[in-house]
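Just so you know, the protein sequences line up as chains A and B, in that order.
Numbering-wise, the first sequence is residues 1 to 395 according to UniProt numbering.
Numbering-wise, the second sequence is residues 1 to 371 according to UniProt numbering.
Glycine included, C-beta positions come from ideal geometry on N, C-alpha and C.
Report on one structure; see the data block that follows.
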Amino acid sequence: MATKKLRRAKLSQELCERLSRYQITTCQDFLCLSLLELMKVTGESYRNVQKLLRKVSLACAPKMQTAYEMKVRRSINPSAAFLPTSLHSLDKVLHGGIPCGSLTELTSPPGCGKTQFCITMSVLATLPVSMGGLDGAVIYIDTESAFSAERLIEIAGNRFPTYFDSDEKLFCMTRSIHLYRELTCDSVLKRIKSLEEEIISKKIKLIIIDSVASVVRKEFDTKLQGNLAERSNFLARGASLLKYVAEEFSIPVILTNQITTSLSNGLAIPADLVSPAHDLSLSEGASGSGKKESACVTAALGNTWSHSVNTRLILQYHDLLTRQIVIAKSPVAPFSTFFYTVEKSGLVLQDGKNLSNLPWEGTNPALQTIQVRNTALGNALLKTTDETPGDTPSP
Amino acid sequence: MQRDVGSLPLSPALRARLLAAGFQTAQELLETGPCGLSKEIGISREEALEALQVVRQECAGDAAKTAGGSGSTRKCTALELLEEEQTQGFIITFCSALDNILGGGVQLTKITEICGAPGVGKTQLCMQLAVDVQIPECFGGVAGEAVFIDTEGSFMVDRAADIATACVRHCQLIAEAHQEEDHLQALETFSLESILSHIYYFRCRDYIELLAQVYLLPDFLSEHSKVRLVVIDGIAFPFRHDFEDLSLRTRLLNGLAQQLIIIANDHKSAVVLTNQMTTRFGQNQSMLVPALGESWGHAATVRLIFHWDNTQRLATLYKSPSQKESTIPYNITLLEGSQEYQDVSRLTSKFTGNLCPFLLVPVLHSFCPSC
Numbered sequence: 001m002a003t004k005k006l007r008r009a010k011l012s013q014e015l016c017e018r019l020s021r022y023q024i025t026t027c028q029d030f031l032c033l034s035l036l037e038l039m040k041v042t043g044e045s046y047r048n049v050q051k052l053l054r055k056v057s058l059a060c061a062p063k064m065q066t067a068y069e070m071k072v073r074r075s076i077n078p079s080a081a082f083l084p085t086s087l088h089s090l091d092k093v094l095h096g097g098i099p100c101g102s103l104t105e106l107t108s109p110p111g112c113g114k115t116q117f118c119i120t121m122s123v124l125a126t127l128p129v130s131m132g133g134l135d136g137a138v139i140y141i142d143t144e145s146a147f148s149a150e151r152l153i154e155i156a157g158n159r160f161p162t163y164f165d166s167d168e169k170l171f172c173m174t175r176s177i178h179l180y181r182e183l184t185c186d187s188v189l190k191r192i193k194s195l196e197e198e199i200i201s202k203k204i205k206l207i208i209i210d211s212v213a214s215v216v217r218k219e220f221d222t223k224l225q226g227n228l229a230e231r232s233n234f235l236a237r238g239a240s241l242l243k244y245v246a247e248e249f250s251i252p253v254i255l256t257n258q259i260t261t262s263l264s265n266g267l268a269i270p271a272d273l274v275s276p277a278h279d280l281s282l283s284e285g286a287s288g289s290g291k292k293e294s295a296c297v298t299a300a301l302g303n304t305w306s307h308s309v310n311t312r313l314i315l316q317y318h319d320l321l322t323r324q325i326v327i328a329k330s331p332v333a334p335f336s337t338f339f340y341t342v343e344k345s346g347l348v349l350q351d352g353k354n355l356s357n358l359p360w361e362g363t364n365p366a367l368q369t370i371q372v373r374n375t376a377l378g379n380a381l382l383k384t385t386d387e388t389p390g391d392t393p394s395p
Numbered sequence: 001m002q003r004d005v006g007s008l009p010l011s012p013a014l015r016a017r018l019l020a021a022g023f024q025t026a027q028e029l030l031e032t033g034p035c036g037l038s039k040e041i042g043i044s045r046e047e048a049l050e051a052l053q054v055v056r057q058e059c060a061g062d063a064a065k066t067a068g069g070s071g072s073t074r075k076c077t078a079l080e081l082l083e084e085e086q087t088q089g090f091i092i093t094f095c096s097a098l099d100n101i102l103g104g105g106v107q108l109t110k111i112t113e114i115c116g117a118p119g120v121g122k123t124q125l126c127m128q129l130a131v132d133v134q135i136p137e138c139f140g141g142v143a144g145e146a147v148f149i150d151t152e153g154s155f156m157v158d159r160a161a162d163i164a165t166a167c168v169r170h171c172q173l174i175a176e177a178h179q180e181e182d183h184l185q186a187l188e189t190f191s192l193e194s195i196l197s198h199i200y201y202f203r204c205r206d207y208i209e210l211l212a213q214v215y216l217l218p219d220f221l222s223e224h225s226k227v228r229l230v231v232i233d234g235i236a237f238p239f240r241h242d243f244e245d246l247s248l249r250t251r252l253l254n255g256l257a258q259q260l261i262i263i264a265n266d267h268k269s270a271v272v273l274t275n276q277m278t279t280r281f282g283q284n285q286s287m288l289v290p291a292l293g294e295s296w297g298h299a300a301t302v303r304l305i306f307h308w309d310n311t312q313r314l315a316t317l318y319k320s321p322s323q324k325e326s327t328i329p330y331n332i333t334l335l336e337g338s339q340e341y342q343d344v345s346r347l348t349s350k351f352t353g354n355l356c357p358f359l360l361v362p363v364l365h366s367f368c369p370s371c
């Protein structure tokens, strides 16, 4: 919109020629000037310049719609507003599932189930509408080379055995998932820019980027000067492009993120959990001055990124076998948690678990504490003195 | 009439020619007439006529201003202003603690800025205000319409519909309790459809669309004269990336702020902006501050900061010309009474004790039984 040339804004030919002599060719150039500057370059009177401004603004401004029209459009096509995750309790709280037309972020420590969740969502998107899917293709941008096609088939076969009863149906499903391996920030951004054309040509109904954090953290070291601003710039640009695509075509976009340790005095250190022992030593090492600083593990990529995503789901460890999925930020759902395990058919919710013993409540989604594996193990070991883990009280 | 030629809003080339020919006051121009002017300066008769019409309009405007009669003057005594302020309504937020610290609610003709961390409830409050501005006068509202300019894409129609339904139900309860004629009459036109039809939604994808929309806003407001609220959800988002030239950004933001002040004053509407928080790194600590820099802090008349204190959301009145700085706790609750959400709402609304629920479980003044 900003790069729209002035001749398309219905300005007269001679005026456009005159303005191009001052290097003013797009609407952006025109609207960024003050009224006096405009009078000078167009040679028109104050009143005429205001009329011209109005004309150019009309060419750029968005169309008006009332909230009622939006609601009516939604109710005509209710299934097109959400992609159900097939985790029923989660879908109920989320008003239907992953919302279409906005960005959903999935954050978790490594090994919790992000990629499993993404693979499951890919299968769901290819299912026909009658089964809760979107009957379309999927674009999967993989930056960590973690996508496994065999696991995809295993999940599909075990989750929907009646539907995927023949090899042909499985192959048809796998043909609709388009996998792109991008390993640098630039290539990810280029791929995002090319999404618009691919969506139209391949009838895409879901975009997954697994994961945003890995490329960004490889290339931007926030301790170096200037890198933090560049990183925020890159993320903001990527987020606005993705939002444009998501809204224009009304499709869901799922992004995955990593975790970081944020100390109470504010500086964040990337938590690269190569070994479980590393995690503890990071926080201890930093507080070498002897002061009691509480370090907590939270979602990476900073505050600005937390503003850009519309929904944030956190996966974390609970004890030896079970994990938790937490709705940390959502415009339609309150803070809630659900227990799940990862099995052959993907993620399975443990509905029977008692949800009342929550050790924490919702807080700032950018600073929400996430439980990592050894903390969960530590808690589990502590609990064995009082009760055996895995004992579900009968409902 | 004695106005200097150099100060007239003519095109620069024409002005230069007039000054070179020796004209000094507007009176001289008007006396010469279009034919004489065109011969003397060497412009066509039509151009001369156009210039004279501009001069005449300007002088008429000046005369009206000095006589103190025209409606576009912004001059009045403090007593007139006091009377105006006292009769003016506020847009209530349905959280009485928040209304109290604001001095009654969101004020008309002023710019209110809401800053906050992600997920704290800024968009929720904006949607709530877009519904509350439409409450009929007999229930204590301003009976206006709302313009919602969205730059982040976080407006959810379903949530706005939920909020509107709760608001209608609350007004119905009041009408039943009081059984007055005008209450029941107002309720006939105050329904979910009418509320949603009077929220005018614009989705601006970048700062150029936002600038263009704000230029067009005065015309839109003249056509829809009942609008009493303009919400810009996310003034920071389009200005925070893609800007290498920070001085251009400051200039554009200042221009935007000025236009919004003019819109707020001329159309007697409230302007509500939401801002993001950004991390500022100090010596060895970092803190969250409102985005867009220090100079943007001057743009808004009233500034509210929403933040977290562990698990409790707090609202702080940070800047106000008439109210004291204070902090109150608040919550965001779900639709009360809706069968679907009953289980979840029991789990999450632990805090409904003596704190005022923020949305949808309206604790309005003395009408709510539970408060």
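Simplified DSSP state of D210(A), which is helix, strand or coil
strand
CA-to-CA distance, S269(B) to E294(B), given in whole angstroms:
Distance between the alpha carbons of E294(B) and S269(B) is about 26 Å.
State yes or no: is the beta carbon of G353(B) nearer than 8 Å to at least one beta carbon in chain A?
Its pLDDT being 30, under 50, G353(B) is placed unreliably by the model, and the measurement read from it follows with that caveat. Taking a beta-carbon distance threshold of 8 Å, G353(B) does not count as an interface residue toward chain A.
Could you pull out every residue in the same chain whose Cβ sits closer than 6 Å to the Cβ of L195(A), ignoring the five residues on either side in sequence?
V245
Could you tell me the alpha carbon to alpha carbon distance between L248(B) and H241(B), rounded to whole angstroms?
13 Å
May I have a chain-ordered list of the alpha helix (DSSP H) segments no shorter than 4 residues that lie completely inside the region 34-102 of chain B?
Listed in chain order, the alpha helix (DSSP H) elements of length 4 or more contained wholly in the region 34-102 of chain B are 45-67, 78-87 and 96-102.
Put P110(A) into one of helix, strand or coil per three-state DSSP.
coil
Can you list the residues of chain B that Y244(A) reaches, using a CB-CB cut of under 7 Å?
R205
Helix, strand or coil for A61(A) per DSSP?
coil
Could you compute how far the alpha carbon of M64(A) sits from the alpha carbon of G144(B)?
18 Å
Thinking C-alpha only, which one of D245(B), I332(B) and G103(B) is nearest residue 437(B)?
Residue 437(B) lies beyond the residue range present for chain B, which begins at 1 and ends at 371; the question has no answer from this structure.
State the Cα-Cα distance for the pair V138(A) and T174(A), rounded to the nearest angstrom.
10 Å
Counting only runs of 3+ residues fully inside the region 104-143 of chain B, write out the beta strand (DSSP E) ranges in chain order.
111-116
So Q368(A) packs on T298(A), CB below 8 Å; how close in whole Å?
6 Å
Could you give the distance in angstroms between the alpha-carbon of A51(B) and the alpha-carbon of A315(B)?
Cα to Cα, A51(B) sits roughly 55 Å from A315(B).
Backbone CA spacing between L18(B) and E230(A) [nearest angstrom]:
52 Å
Give the DSSP-derived three-state secondary structure of L90(A) in the structure shown.
helix
Examine the Cβ distances between the region 132-148 of chain B and the region 306-315 of chain B and report whether three or more of them are shorter than 8 Å.
As far as the Cβ criterion goes, the region 132-148 of chain B does not touch the region 306-315 of chain B, which means the pair count is below three.
Would you list the residues sitting across from M287(B) in a DSSP beta bridge?
R280(B)
Let me know the beta strand (DSSP E) ranges lying completely inside the region 113-201 of chain A, each 3 residues or longer, listed in chain order.
137-142 and 177-181
8 Å Cβ cut-off: residues of chain B touching E17(A)
Going along chain B, no residue has its Cβ under 8 Å from E17(A), so there is no contact; the nearest lies around 17 Å.
Does V230(B) have its Cβ less than 8 Å from a Cβ in chain A?
Not an interface residue.
Using the Cα positions of S275(A) and P110(A), report the straight-line distance between them to the nearest angstrom.
Note on S275(A): pLDDT 36, under 50, position unreliable in the model; the coordinate value appears next. When rounded, the distance between both Cα atoms is 11 Å.
Answer yes or no: does any C-beta atom of chain A fall closer than 8 Å to that of Q276(B)?
yes
On the DSSP letters alone, give me the boundaries of the beta strand (DSSP E) that F202(B) sits inside.
Its beta strand (DSSP E) spans residues I199 to R203.
By the 10 Å Cβ neighbour count, where 16 or more other Cβ atoms means buried, how is N227(A) classified, buried or exposed?
exposed
Could you check if I76(A) is buried or exposed, using at least 16 other CB atoms within 10 Å of its CB as the buried criterion?
exposed
Pairwise C-alpha distance: I119(A) and E154(A)
Distance between the alpha carbons of E154(A) and I119(A): 10 Å.
Taking 6 Å as the limit between beta carbons, can you name the residues of its chain near L94(A), skipping five residues before and five after?
A333
Buried/exposed call for N310(B), threshold 16 Cβ in 10 Å:
exposed
Short Cβ contact (8 Å threshold) for I114(B) with V272(B)
yes
Sequence-distant residues of the same chain with beta carbon closer than 7 Å to C172(A), five excluded per side:
none
When you compare each of N257(A), G43(A) and F335(A) to L10(B) by their alpha carbons, which one comes out closest?
G43(A)
Which residues DSSP lists as bridging A146(B), in chain order
I199(B) and L229(B)
Beta-carbon of P9(B) versus every beta-carbon of chain A: anything under 8 Å?
yes
Do L170(A) and A125(A) come within 8 Å of each other at the CB atom, strictly closer than that value?
No, Cβ-Cβ distance for A125(A) and L170(A) is not below 8 Å.
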